[in-house]
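First up is the structure itself, then whatever we jot down about it.
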Amino acid sequence: MVRWIQGALVGVIAVVSCTVMGGCAAMRDQGTNERIARMVSEYDEGMSAAERVSPDSPDAAANIRVPYQQVRHCREDHPSEVRDYPEVEVQTSRGTKTIRQMADECAEMEKKIRAQRYRGCGERRIYLTSNVDGTGAWTRPILQAQDDDYIPKPCDKMEEASPPPPSKDFESAHAGIQGICGPTARIYYQKEWQHRTNALGVAVQRQASATCRVIDETRPKWWMESF
Numbered sequence: 001m002v003r004w005i006q007g008a009l010v011g012v013i014a015v016v017s018c019t020v021m022g023g024c025a026a027m028r029d030q031g032t033n034e035r036i037a038r039m040v041s042e043y044d045e046g047m048s049a050a051e052r053v054s055p056d057s058p059d060a061a062a063n064i065r066v067p068y069q070q071v072r073h074c075r076e077d078h079p080s081e082v083r084d085y086p087e088v089e090v091q092t093s094r095g096t097k098t099i100r101q102m103a104d105e106c107a108e109m110e111k112k113i114r115a116q117r118y119r120g121c122g123e124r125r126i127y128l129t130s131n132v133d134g135t136g137a138w139t140r141p142i143l144q145a146q147d148d149d150y151i152p153k154p155c156d157k158m159e160e161a162s163p164p165p166p167s168k169d170f171e172s173a174h175a176g177i178q179g180i181c182g183p184t185a186r187i188y189y190q191k192e193w194q195h196r197t198n199a200l201g202v203a204v205q206r207q208a209s210a211t212c213r214v215i216d217e218t219r220p221k222w223w224m225e226s227f
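Under full-length UniProt numbering, the first residue of the sequence shown carries the number 1, and numbering increases by one thereafter.
This is the structure we're talking about:
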């Protein structure tokens, strides 16, 4: 005997079948049905969209971002559903699947995306500081912070930016910054450092920001790490 339950979330209808093993009795609360409906939505949208993105197509890096997030949520956000209802069947765009099958397929797609290199453009902002040492000289600029996200952008929407200003400060920092941004990134700097002074008005710290900008290249290592 099989019973059918419908759980709707934001316009998504998930038809859930429960075996006589007790699945239906435990699934009567609306919250469980909504979480399963969300998982079905993440599975359907993530898997289908990911397969449509060709890694070598223009802006592939930007286009794979949402599908990647969907399959990751499908795999990562539903441990209780996978644990408690692994054999419960749902209707997906790919036919009838158990909850365990959906989680496994999302995990495989996530691994596939992470292993693939996608062409495209994007940028990330980093923030640098330089302090005065005991001799009064400025130290080599170091990474103070960075934006939480690498932002994929369509290549034809990338804004123009000025090259680094002619300055020994930037020259000394450039190699280290290139290492942070990745070997293929183009680096753009603010036009000047901002100085912080002490109570005597003496400059003791300088701050600047730089943008790591990747133009029509395969994404650097930190592209996926930022998701």
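Even glycine gets a Cβ: it sits at the ideal position worked out from N, Cα and C.
According to DSSP, residue pairing for I142 in a beta bridge involves T129. Per the C-alpha coordinates, the member of N63, A137, C74 positioned closest to V204 is A137. Collapsing the DSSP output to three states places P152 in a strand.
Rounded to whole angstroms, Y127 and Y85 show a C-alpha spacing of 47 Å. Here DSSP, grouped into helix, strand and coil, assigns Q91 to strand. By the criterion of a C-beta distance shorter than 7 Å, I113 is surrounded in its chain by A50, I64, Y68, once the five residues flanking it on both sides are discounted. Following the DSSP letters along the chain, one finds Q194 inside the beta strand (DSSP E) bounded by residues 194 to 197. The straight-line gap separating the alpha-carbon atoms of E105 and E81 is approximately 15 Å.
Bridge pairing for G122: P152, V214 [DSSP].
Relative to the Cα of V88, the nearest Cα in the group T98, P152, I177 belongs to T98. Counting the other Cβ atoms within 10 Å of the Cβ of T92 gives 16 or more, which makes it buried.
Per DSSP, R72 lies in no beta strand (DSSP E); the unbroken alpha helix (DSSP H) holding it starts and ends at 65 to 76. The bridge partners DSSP lists for K97 are V90. For E76 and A103, the gap between their C-alpha atoms comes out near 8 Å. By the CB criterion at 8 Å, R117 and I151 fall outside the cutoff. Per the C-alpha coordinates, the member of G120, R206, R35, Y189 positioned closest to H195 is R206.
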